[in-house]
Ligand SMILES: C[S@@+](CC[C@H](N)C(=O)[O-])C[C@H]1O[C@@H](n2cnc3c(N)ncnc32)[C@H](O)[C@@H]1O
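Residue numbers (the numbering used here): 7 to 223.
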């Protein structure tokens, strides 16, 4: 990281963004995984969260795969992921791009080209999250919404150590901090969607909207 980038990450402990498996992510995601990463009840809850928060219009699914969990097809659904066959199998998607956000945290989209965005059970794999969160603020329109949902499961060799070293409440705090430290977001909000310890996968949501143009620094 450059000195400027390191400064932005000031306060995160040493090694927070390192992983057990530091080989290129393209190797890990080389083979399609047409699987689900949370149970059916949690998947239904993800769709309900998206619906209640107003995900719609032109939607970007960040860290996507063959399923985006929306309850109905939006005007457009563009999926960014790591595996082209997975994205091609996403029946709701109207487009897809393979981008390794840990290699280069840039998206091939114009400014303000999406109304809303989602990211399901994946924020823990980002090693340069602040740059990715900046990039989402760029591609979303002013007032655009980005919703993260996550549970307590992951690919442990690919999740950042900071995520593995804390609990569900800590994960909510981490994602909220990413929004706060990135450019152009209103104060994030969060919710416990499905509580842990009640049978089935728990689910948490953290979301924020981009600042309107006149509020931008
Ligand atoms: C656990 S899967 C979740 C897939 C999907 N969002 C879902 O809900 O089923 C993690 C996803 O994170 C994404 N991912 C992992 N590493 C990435 C990277 N370096 N850059 C971009 N996306 C990445 C991949 O698209 C992968 O499918």
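Glycine is no exception: its CB is placed at the ideal position from the N, C-alpha and C atoms. Quantities reported herein were computed from a predicted structural model and do not represent experimental measurements.
Discussion item. Contact defined as beta carbons within less than 8 Å: I believe residue 153 pairs with residue 211. What is the distance between those atoms, to the nearest angstrom?
Written reply: 6 Å
Worksheet item: Between the region 108 to 123 and the region 64 to 82, are three or more C-beta pairs nearer than 8 Å?
Response: yes
Worksheet item: Say the cut is 6 Å; is the CB of residue 107 nearer than that to a heavy atom of ligand 1?
Response: Checking every heavy atom of ligand 1 against the Cβ of residue 107, one is found closer than 6 Å.
Worksheet item: Does ligand 1 have a heavy atom nearer than 6 Å to the CB of residue 69?
Response: At least one heavy atom of ligand 1 sits closer than 6 Å to the Cβ of residue 69.
Discussion item. Once the 5 residues before and after residue 51 are set aside, which same chain residues still bring their CB inside 6 Å of it?
Written reply: Closer than 6 Å at the Cβ level, and outside the excluded window around residue 51, lie 199, 200 and 209.
Discussion item. Assuming residue 147 is part of the alpha helix (DSSP H), what are its boundary residues?
Written reply: Segment 146 to 156 is the beta strand (DSSP E) holding residue 147; no alpha helix (DSSP H) there.
Discussion item. Less than 6 Å separating the Cβ of residue 43 from some heavy atom of ligand 1?
Written reply: yes
Worksheet item: How about residue 25 and residue 166: do their beta carbons lie closer than 7 Å?
Response: yes
Discussion item. What I want to know is whether the C-beta of residue 46 ends up closer than 6 Å to one or more non-hydrogen atoms of ligand 1.
Written reply: no
Worksheet item: Any contact of the region 185 to 195 with the region 132 to 144, i.e. 3+ C-beta pairs under 8 Å?
Response: yes
Discussion item. Does the CB of residue 149 have a neighbour CB from chain C at under 7 Å?
Written reply: Note that chain C does not occur in the displayed structure, where there is just one protein chain.
Worksheet item: Residues bridged to residue 209 by DSSP?
Response: Residue 209 is bridged to 200.
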